[in-house]
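Undergrad: Handing you a structure now.
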Amino acid sequence: MKKIELLKNKYFLIENYKEGFIQKNVEDLITDYFADYDYILGDWAYNKLRLKGFCDKENPLFNKHNDYSKIHDYIKNNCAFECKYFILKKEKTND
Numbered sequence: 001m002k003k004i005e006l007l008k009n010k011y012f013l014i015e016n017y018k019e020g021f022i023q024k025n026v027e028d029l030i031t032d033y034f035a036d037y038d039y040i041l042g043d044w045a046y047n048k049l050r051l052k053g054f055c056d057k058e059n060p061l062f063n064k065h066n067d068y069s070k071i072h073d074y075i076k077n078n079c080a081f082e083c084k085y086f087i088l089k090k091e092k093t094n095d
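Residue numbering for the sequence shown is 1 to 95, as defined by UniProt numbering.
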């Protein structure tokens, strides 16, 4: 599993469908908005990268729209058919 640092947070690349992860593109797009999410989904449509945050149930931001257990349903229903995508999992810290 590849480890990546983005905005001082560490992530594991847990899925990289069709080689969708391109670090430079993610670095250009990611903001502090994503810092509190447990997972980041990146999907490609029409040569543009979109990012969306997802959470585990224990996260205070958790709701039905960002439930990580439904991420593959989100990909199936809201992303371009057979698009390139990736999932980053935030490394848990002890603080």
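For glycine and all other residues, C-beta sits at the position ideal for the given N, C-alpha and C.
What are the boundary residues of the alpha helix (DSSP H) that includes N9?
TA: Translated into the one-based positions of the sequence shown, residue 9 becomes position 9. Unbroken run through N9 is the beta strand (DSSP E), N9 to Y17; no alpha helix (DSSP H).
Undergrad: How many angstroms separate the CA atom of N9 from the CA atom of F81?
TA: Mapped onto the sequence shown, residue 9 falls at position 9. Mapped onto the sequence shown, residue 81 falls at position 81. Those two C-alpha atoms are separated by around 30 Å.
Undergrad: Please confirm whether F34 has its beta-carbon closer than 7 Å to some beta-carbon of chain D.
TA: You won't find chain D in this structure, because it holds only one protein chain.
Undergrad: If L41 sits next to I4, beta carbons under 8 Å apart, how far is it from one beta carbon to the other, in whole angstroms?
TA: Residue 41 sits at position 41 when you count from the first residue of the sequence shown. Residue 4 sits at position 4 when you count from the first residue of the sequence shown. Actually they do not touch by this definition, with Cβ atoms about 14 Å apart.
Undergrad: N66: buried (16+ other C-beta within 10 angstroms of its C-beta) or exposed?
TA: In the sequence shown, residue 66 corresponds to position 66, counting from 1. Flag for N66 reads buried.
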